[in-house]
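Each remark here refers to the structure printed beneath this line.
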Amino acid sequence: MPGDINMWVMVLGDMIIFAGYFVIFMIYRSMNRQEFLLAQQHLNIAIGVTNTVILLTSSWVVALAVQAVRAGEFEKSTRLVLAGGAGGIAFMVLKGYEWASKIAAGHTNSEMFYSFYYVITGVHLLHVLIGLIVLGVVVRELRNPAKRRPAMVETGATYWHMVDLLWVIIFALFYVMR
Amino acid sequence: MSVITPEQVSPTATDGGKRDVWWMTWFFPAWYAVFGVIICLLTRVTPPPRPDVTAAGKVEFFAQHHLTIQIGFTLLLILLGGAAMTNGLVAYQMKRMSVGSAFAYGYLGGMSVGAIPGFLLVTVCFLTAAFRPDRNPELTSLLYDLGMLSYNGSLGCFSVAYLVLAIAILYDRNEIFPKWFAYISIWQIVTEVIATQMFVFDSGPFAWNGSISFWLAVVVFSVWLGALIVLLRRAAAAESADAPALD
Numbered sequence: 006m007p008g009d010i011n012m013w014v015m016v017l018g019d020m021i022i023f024a025g026y027f028v029i030f031m032i033y034r035s036m037n038r039q040e041f042l043l044a045q046q047h048l049n050i051a052i053g054v055t056n057t058v059i060l061l062t063s064s065w066v067v068a069l070a071v072q073a074v075r076a077g078e079f080e081k082s083t084r085l086v087l088a089g090g091a092g093g094i095a096f097m098v099l100k101g102y103e104w105a106s107k108i109a110a111g112h113t114n115s116e117m118f119y120s121f122y123y124v125i126t127g128v129h130l131l132h133v134l135i136g137l138i139v140l141g142v143v144v145r146e147l148r149n150p151a152k153r154r155p156a157m158v159e160t161g162a163t164y165w166h167m168v169d170l171l172w173v174i175i176f177a178l179f180y181v182m183r
Numbered sequence: 016m017s018v019i020t021p022e023q024v025s026p027t028a029t030d031g032g033k034r035d036v037w038w039m040t041w042f043f044p045a046w047y048a049v050f051g052v053i054i055c056l057l058t059r060v061t062p063p064p065r066p067d068v069t070a071a072g073k074v075e076f077f078a079q080h081h082l083t084i085q086i087g088f089t090l091l092l093i094l095l096g097g098a099a100m101t102n103g104l105v106a107y108q109m110k111r112m113s114v115g116s117a118f119a120y121g122y123l124g125g126m127s128v129g130a131i132p133g134f135l136l137v138t139v140c141f142l143t144a145a146f147r148p149d150r151n152p153e154l155t156s157l158l159y160d161l162g163m164l165s166y167n168g169s170l171g172c173f174s175v176a177y178l179v180l181a182i183a184i185l186y187d188r189n190e191i192f193p194k195w196f197a198y199i200s201i202w203q204i205v206t207e208v209i210a211t212q213m214f215v216f217d218s219g220p221f222a223w224n225g226s227i228s229f230w231l232a233v234v235v236f237s238v239w240l241g242a243l244i245v246l247l248r249r250a251a252a253a254e255s256a257d258a259p260a261l262d
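The listed protein sequences derive, respectively, from chains A and B.
Numbered per the numbering used here, the first sequence spans residues 6 to 183.
Numbered per the numbering used here, the second sequence spans residues 16 to 262.
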C-alpha cells in the first residue's frame with residue numbers, strides 16, 4: 006500500500022466525517038427542495054467547473070510526481086509537486102473571490118443553503134490549506150538528499166488526492182445536482 | 016525521519032512502568048466516566064436542551080431537572096480539579112517527546128484555561144438558575160443561554176491545545192503517540208471552528224444542538240477521547256520504571 010498507514014487513517018476517517026456532512030446536507034435538502042434549488046441558481050457554475058479542473062489537474066500532476074520519485078528523478082518530482090501546489094493556491098484564490106462575490110450579493114449564512122455551502126466549502130478550503138503545508142513538507146524533504154524517498158511523496162499525494170476527491174463530491178452536490 | 020511518515024511501533028517495557036504515571040493513566044478514564052454521568056444523566060447538558068424554546072420552556076427545563084442539576088454540578092465543582100489532572104498526564108507524555116517541553120506547556124495552558132468556559136461557566140449558570148426557581152423568567156432564560164453557549168461554544172482554548180498537540184506528535188521522534196492521533200486532533204480543531212455557527216443559529220444543523228454543530232462533533236470528540244485513553248495506556252506501558260525523571 007502506498008504511503009504510510011497514519012495518513013490512510015487520516016484520509017479514510019476524514020472521508021467518513023465528510024460523508025456525515027454530505028448526508029446531513031442531503032437530508033436538509035430533501036426537506037427544503039425548493040429553497041435549496043432557488044438558492045443554488047446563484048452559484049457561479051463556471052467558477053465551480055474551473056476549480057474542479059484545477060484540482061483534477063493538480064492531482065494528476067502530483068501523481069506524476071509520485072512516478073518521478075519512484076524513478077529516482079527527484080528534481081522533476083519536486084517541480085511537479087510545486088506545480089500541484091500552485092493549483093491549490095489558484096483554487097484558494099478563486100474560492101475566495103467566489104465567496105466575496107456571493108456575500109456582496111447578499112447570500113450569507115442567513116440562507117440555509119448558503120450556511121451549508123460556506124461551512125462545507127470552508128472546511129474543504131482548510132483542507133486545501135493543510136494540503137499546501139503537506140506538499141511544502143514533501144518539497145522540503147525531496148530537496149534533502151538524506152530524506153528524499155517515495156513513501157513520503159506517496160503519503161503527501163494520498164492526502165492531496167483526498168482533497169481533490171472531496172471537492173469533486175462537493176461540486177456535484179452543491180453546483181450540479183438538481 | 017519524516018514529519019509525515021513513522022518509523023517504528025513503540026515498545027512495551029517489561030517492568031510495569033512508573034507507579035505515579037500508572038495511577039494517573041487509570042484516573043483519566045475514571046474521571047471522564049464520572050464527568051460523563053454528570054453531564055449526560057444528572058445535569059442534562061449533553062445532549063444539550065434546545066435553543067429554540069421560550070423563556071417559559073427554559074424555566075420548565077430547570078424545574079424538571081432541578082434536583083439532579085444541583086447534585087450533578089455541585090459534585091462537578093468538587094471534582095473539576097480532576098480535569099486539570101488529566102491534562103497534566105497528557106502534558107507529561109508530551110514532555111517525553113523529542114520536541115521539548117514548550118508544546119506540553121502550551122497544551123496544559125490551553126486546556127486548563129478552556130475548563131472555565133468549557134464547563135465551569137455552565138456549572139455556575141445552571142446552579143444559579145436552580146438556586147431561585149421563582150426568578151424572573153427572562154433572567155433564567157439568560158442563564159440558560161449563557162451556560163449553553165459557553166459550554167458548547169468554548170472553542171479557542173481547546174483548538175490551540177489540539178494544535179500544539181498535533182504539531183508535537185508530528186515532530187516527535189520518540190513516537191510517544193502515533194502520527195494518526197495528530198490528525199484526529201486536527202479533526203477536533205475543525206469541529207470547533209464549525210461550531211462557531213451556533214452563535215448565529217437557534218435551530219437547524221448549526222445550532223448548539225444541531226446535527227453538525229453538536230452530534231457529528233460529539234462523535235469526533237468521542238473518537239478522540241477514546242483514542243487518547245488507549246494511547247495514554249500504551250505510552251505509560253512503554254516507559255520503563257527506571258527511565259530518568261523528567262526536568
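Here a beta-carbon is modelled for each residue, glycine too, at the ideal position from N, C-alpha and C.
Out of curiosity, what's the CA-to-CA distance linking residue 92(B) and residue 130(B)? 12 Å
What would DSSP say about residue 184(A), mapped onto helix, strand or coil? Only positions 6 to 183 of chain A appear in this structure, which leaves residue 184(A) out of reach.
Start and end residues, alpha helix (DSSP H) containing residue 37(B): 34 to 51
Once DSSP output is grouped into helix, strand and coil, what is the label at residue 218(B)? coil
Can you list, in chain order, the residues of the stretch 216 to 234 of chain B whose Cβ is nearer than 7 Å to any Cβ on chain A? 219, 220, 221, 226, 227 and 231
Check this for me: beta carbons of residue 169(A) and residue 60(A), under 7 Å apart or not? yes
What are the start and end residues of the alpha helix (DSSP H) that includes residue 5(B)? Nothing can be reported for residue 5(B), as the shown portion of chain B is limited to 16 through 262.
State yes or no: is the C-beta of residue 10(B) within less than 7 Å of the C-beta of residue 136(B)? The structure shown does not extend to residue 10(B), since chain B is modelled only from 16 through 262, so no value can be given for it.
Which residues in the same chain have their Cβ closer than 6 Å to the Cβ of residue 59(B), if we skip the five residues on either side of it in sequence? 80
Determine, using beta-carbon pairs with one atom in the stretch 35 to 48 of chain B and one in the stretch 110 to 129 of chain B, whether at least three such pairs fall under 8 Å. no
Is residue 111(A) helix, strand or coil by DSSP? coil
Determine the chain A residues that contact residue 205(B) at a beta-carbon separation under 7 Å, and present them in chain order. 128 and 131
My guess is that residue 178(A) and residue 23(A) are in contact by the Cβ rule of under 8 Å, so how many angstroms apart are they, rounded? The pair is not a contact, with the Cβ atoms about 11 Å apart (cut-off 8 Å).
Helix, strand or coil for residue 81(A)? Go by DSSP, reduced to three states. helix
Run through DSSP, which three-state label would residue 223(B) get? coil
Proximal chain B residues relative to residue 182(A), where beta-carbon distance stays under 7 Å: The contacting residues do not exist; residue 182(A) stays about 18 Å from chain B at best.
Tell me, please, whether the stretch 105 to 125 of chain A touches the stretch 33 to 46 of chain A by the rule of three or more beta-carbon pairs shorter than 8 Å. yes
From 150(A), 70(A) and 122(A), residue whose alpha carbon lies closest to that of residue 160(A): 70(A)
How would you call residue 122(B), buried or exposed, if buried means at least 16 neighbouring beta carbons within 10 angstroms? buried
Report the CB separation of residue 203(B) from residue 236(B) in whole angstroms; it is logged as a contact under 8 Å. 7 Å
For residue 8(A), name the three-state secondary structure that DSSP assigns. coil
For residue 146(A), which residues of its own chain have a beta-carbon under 7 Å away from its beta-carbon, when the five flanking residues on both sides are left out? 152, 153 and 157
Residue 61(B): which of 160(B), 39(B), 167(B) and 199(B) sits nearest, CA to CA? 167(B)
Tell me whether the stretch 175 to 190 of chain B and the stretch 103 to 118 of chain B touch, counting them as touching only if at least three CB pairs, one residue from each stretch, are closer than 8 Å. yes
Any heavy atom of the ligand NAD closer than 6 Å to the CB of residue 119(B)? The ligand NAD is not part of this structure, which contains no ligands at all.
First and last residue of the uninterrupted alpha helix (DSSP H) at residue 159(A): 155 to 175
8 Å contact criterion, which residue 86(A) and residue 67(A) should meet: CB distance rounded: 6 Å
Give me the subset of the stretch 47 to 66 of chain B whose CB atoms are less than 8 Å from a CB atom of chain A, sorted by chain position. none
Would you mind reading off the limits of the alpha helix (DSSP H) that contains residue 131(B)? Segment: none, residue 131(B) is in no alpha helix (DSSP H) and carries neither H nor E.
For residue 89(A), the nearest candidate out of 53(A), 21(A), 49(A) and 141(A) (CA to CA): 141(A)
Of all the options 54(B), 47(B), 247(B) and 240(B), which has the alpha carbon lying nearest to the alpha carbon of residue 138(B)? 54(B)
Over what stretch of residues does the alpha helix (DSSP H) that includes residue 167(B) continue unbroken? 152 to 168
Could you tell me which of 33(B), 39(B) and 64(B) sits nearest to residue 223(B), measuring between CA atoms? 64(B)
Closer than 8 Å is the cut-off here; do at least three beta carbon pairs connect the stretch 138 to 152 of chain B with the stretch 67 to 85 of chain B? yes
Check whether residue 57(B) and residue 96(B) have beta carbons under 7 Å apart: no
is_contact[residue 194(B), chain A] using C-beta, thresh 7 Å: yes
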